[in-house]
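Below is one structure, written out as C-alpha coordinates, with a few remarks after it.
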Amino acid sequence: MASDSDSISRELERLRASIEQQNETSRRSFDALYEELRQYKEDFIFQSEKPLLLDLLLFYDSLNWFQQSIIKGEMSPEVIADSFQYLIDEFLELLYRRDVLPMETRKKFDRENQKALQVVPTNDPKQDYVVKRVLKRGFSRADRKLRAEEVIIHRHSPAASDDKR
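In the numbering used here, the protein residues as written are 1351 to 1515.
And the structure:
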(Lines of atoms letter the chains of each structure in order from A and count residues from 1; the text may use other names and numbers.)
(Lines give C-alpha, C1' and ligand atoms only; values in the text may rest on other atoms or scores of the structure.)
Protein backbone atom coordinates (compact mmCIF):
# COMPACT_ATOMS: atom_id res chain seq x y z
CA MET A 1 0.00 0.00 0.00
CA ALA A 2 2.85 2.35 0.87
CA SER A 3 4.46 1.60 -2.46
CA ASP A 4 1.20 2.44 -4.24
CA SER A 5 1.05 5.83 -2.51
CA ASP A 6 4.75 6.40 -3.25
CA SER A 7 4.10 5.46 -6.85
CA ILE A 8 1.13 7.84 -7.02
CA SER A 9 3.20 10.62 -5.38
CA ARG A 10 6.03 10.11 -7.88
CA GLU A 11 3.53 10.12 -10.76
CA LEU A 12 1.88 13.32 -9.45
CA GLU A 13 5.31 14.95 -9.04
CA ARG A 14 6.21 13.93 -12.61
CA LEU A 15 2.91 15.39 -13.92
CA ARG A 16 3.43 18.61 -11.92
CA ALA A 17 6.96 18.99 -13.33
CA SER A 18 5.67 18.31 -16.85
CA ILE A 19 2.92 20.94 -16.48
CA GLU A 20 5.41 23.49 -15.12
CA GLN A 21 7.73 22.80 -18.05
CA GLN A 22 4.84 23.27 -20.51
CA ASN A 23 3.83 26.51 -18.76
CA GLU A 24 7.41 27.78 -18.97
CA THR A 25 7.62 26.83 -22.65
CA SER A 26 4.28 28.57 -23.33
CA ARG A 27 5.44 31.69 -21.47
CA ARG A 28 8.69 31.83 -23.48
CA SER A 29 6.78 31.32 -26.73
CA PHE A 30 4.32 34.06 -25.80
CA ASP A 31 7.16 36.45 -24.84
CA ALA A 32 8.97 35.74 -28.12
CA LEU A 33 5.77 36.25 -30.13
CA TYR A 34 4.99 39.47 -28.24
CA GLU A 35 8.50 40.80 -28.94
CA GLU A 36 8.18 39.95 -32.65
CA LEU A 37 4.81 41.71 -32.76
CA ARG A 38 6.28 44.80 -31.02
CA GLN A 39 9.16 44.93 -33.53
CA TYR A 40 6.75 44.46 -36.45
CA LYS A 41 4.54 47.27 -35.14
CA GLU A 42 7.49 49.65 -34.70
CA ASP A 43 8.80 48.83 -38.17
CA PHE A 44 5.33 49.20 -39.69
CA ILE A 45 4.87 52.62 -38.10
CA PHE A 46 8.35 53.72 -39.19
CA GLN A 47 7.80 52.50 -42.75
CA SER A 48 4.39 54.18 -42.98
CA GLU A 49 5.70 57.48 -41.61
CA LYS A 50 8.95 57.47 -43.58
CA PRO A 51 7.62 59.03 -46.84
CA LEU A 52 6.02 61.90 -44.90
CA LEU A 53 9.15 62.43 -42.84
CA LEU A 54 11.33 62.51 -45.95
CA ASP A 55 9.01 65.09 -47.52
CA LEU A 56 9.19 67.16 -44.34
CA LEU A 57 12.99 66.99 -44.43
CA LEU A 58 12.98 68.27 -48.02
CA PHE A 59 10.73 71.11 -46.91
CA TYR A 60 13.10 71.78 -44.02
CA ASP A 61 15.95 72.05 -46.56
CA SER A 62 13.92 74.59 -48.55
CA LEU A 63 13.26 76.64 -45.42
CA ASN A 64 16.96 76.63 -44.58
CA TRP A 65 17.86 77.74 -48.12
CA PHE A 66 15.29 80.55 -47.85
CA GLN A 67 16.65 81.66 -44.48
CA GLN A 68 20.27 81.65 -45.69
CA SER A 69 19.34 83.60 -48.81
CA ILE A 70 17.67 86.27 -46.69
CA ILE A 71 20.58 86.45 -44.24
CA LYS A 72 23.09 86.84 -47.07
CA GLY A 73 20.96 89.62 -48.58
CA GLU A 74 20.81 87.84 -51.93
CA MET A 75 17.13 88.60 -52.51
CA SER A 76 15.15 91.66 -53.41
CA PRO A 77 11.75 92.14 -51.72
CA GLU A 78 10.02 90.88 -54.87
CA VAL A 79 12.15 87.74 -54.97
CA ILE A 80 11.51 87.19 -51.25
CA ALA A 81 7.75 87.39 -51.83
CA ASP A 82 7.98 84.97 -54.78
CA SER A 83 10.22 82.59 -52.84
CA PHE A 84 7.91 82.65 -49.85
CA GLN A 85 4.95 81.85 -52.11
CA TYR A 86 7.01 78.99 -53.54
CA LEU A 87 7.48 77.62 -50.00
CA ILE A 88 3.73 77.80 -49.37
CA ASP A 89 3.03 76.04 -52.67
CA GLU A 90 5.66 73.40 -51.87
CA PHE A 91 4.05 72.76 -48.49
CA LEU A 92 0.56 72.53 -50.03
CA GLU A 93 1.99 70.00 -52.51
CA LEU A 94 3.35 67.97 -49.60
CA LEU A 95 -0.14 67.97 -48.04
CA TYR A 96 -1.73 67.14 -51.40
CA ARG A 97 0.45 64.02 -51.71
CA ARG A 98 -1.09 62.90 -48.41
CA ASP A 99 -4.62 63.60 -49.71
CA VAL A 100 -4.90 66.67 -47.46
CA LEU A 101 -6.67 69.46 -49.29
CA PRO A 102 -7.64 73.02 -48.36
CA MET A 103 -11.38 73.34 -47.96
CA GLU A 104 -13.23 75.62 -50.32
CA THR A 105 -13.88 78.97 -48.68
CA ARG A 106 -17.55 79.82 -48.44
CA LYS A 107 -18.87 83.37 -48.51
CA LYS A 108 -21.77 82.53 -46.18
CA PHE A 109 -20.96 81.08 -42.76
CA ASP A 110 -21.17 77.27 -42.72
CA ARG A 111 -21.28 75.75 -39.20
CA GLU A 112 -20.15 72.34 -40.47
CA ASN A 113 -16.89 73.59 -41.97
CA GLN A 114 -16.25 76.97 -40.38
CA LYS A 115 -15.67 78.21 -36.87
CA ALA A 116 -16.56 81.83 -36.12
CA LEU A 117 -13.90 83.31 -33.86
CA GLN A 118 -15.25 86.84 -34.01
CA VAL A 119 -18.58 88.45 -34.86
CA VAL A 120 -18.79 91.95 -36.31
CA PRO A 121 -22.16 93.67 -35.99
CA THR A 122 -23.67 95.11 -39.16
CA ASN A 123 -26.77 97.12 -39.88
CA ASP A 124 -27.15 95.53 -43.34
CA PRO A 125 -29.43 92.46 -43.13
CA LYS A 126 -27.94 91.17 -46.42
CA GLN A 127 -24.55 90.89 -44.67
CA ASP A 128 -25.94 88.60 -41.94
CA TYR A 129 -23.66 85.55 -41.59
CA VAL A 130 -21.41 86.69 -44.46
CA VAL A 131 -17.74 85.85 -43.91
CA LYS A 132 -15.77 89.05 -43.46
CA ARG A 133 -12.32 87.46 -43.27
CA VAL A 134 -10.69 84.04 -43.16
CA LEU A 135 -8.18 83.77 -40.32
CA LYS A 136 -7.08 80.16 -40.93
CA ARG A 137 -7.86 77.88 -43.85
CA GLY A 138 -9.71 74.68 -43.22
CA PHE A 139 -8.34 71.34 -44.41
CA SER A 140 -9.86 67.95 -45.14
CA ARG A 141 -8.61 64.49 -45.95
CA ALA A 142 -10.66 61.98 -47.89
CA ASP A 143 -13.77 64.11 -47.41
CA ARG A 144 -13.24 64.20 -43.64
CA LYS A 145 -12.64 67.51 -41.92
CA LEU A 146 -9.21 67.82 -40.30
CA ARG A 147 -9.55 71.44 -39.28
CA ALA A 148 -12.45 73.83 -39.60
CA GLU A 149 -11.83 77.14 -41.32
CA GLU A 150 -11.55 79.92 -38.71
CA VAL A 151 -13.38 83.08 -39.76
CA ILE A 152 -14.73 86.46 -38.75
CA ILE A 153 -18.38 86.90 -39.70
CA HIS A 154 -20.86 89.74 -39.99
CA ARG A 155 -23.99 89.47 -37.89
CA HIS A 156 -27.02 91.67 -38.47
CA SER A 157 -27.94 93.57 -35.37
CA PRO A 158 -30.85 96.03 -35.26
CA ALA A 159 -28.99 97.69 -32.39
CA ALA A 160 -26.13 98.44 -34.81
CA SER A 161 -28.63 100.34 -36.99
CA ASP A 162 -30.03 102.20 -33.98
CA ASP A 163 -26.54 103.17 -32.77
CA LYS A 164 -25.77 104.93 -36.06
CA ARG A 165 -28.80 107.25 -35.84
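Beta carbons are placed, not taken as given, at the ideal position from N, Cα and C, and that holds for glycine.
Three-state class that DSSP yields for residue i in the structure shown
i     : result
T1455 : coil
R1515 : With a pLDDT of 46 at R1515, under the threshold of 50, the modelled position of this residue cannot be trusted; read the value that follows with caution. Three-state DSSP puts R1515 in coil, outside helix and strand.
K1391 : helix
E1370 : helix
A1498 : coil
S1426 : coil
R1360 : helix
S1507 : coil
Length of the line joining the Cα atoms of residue i and residue j
i     : j     : result
S1426 : L1404 : 30 Å
E1363 : R1378 : 22 Å
S1368 : S1376 : 12 Å
D1449 : R1491 : 6 Å
S1433 : F1416 : 7 Å
Q1389 : L1408 : 28 Å
S1353 : E1370 : 25 Å
L1444 : L1437 : 11 Å
Rounded distance between the beta-carbons of residue j and residue i, thought under 8 Å
i     : j     : result
I1421 : V1469 : Not quite, the Cβ-Cβ distance comes to about 42 Å (not below 8 Å), so this is no contact.
Proximity of residue i and residue j at Cβ, strictly below 9 Å
i     : j     : result
F1459 : V1484 : no
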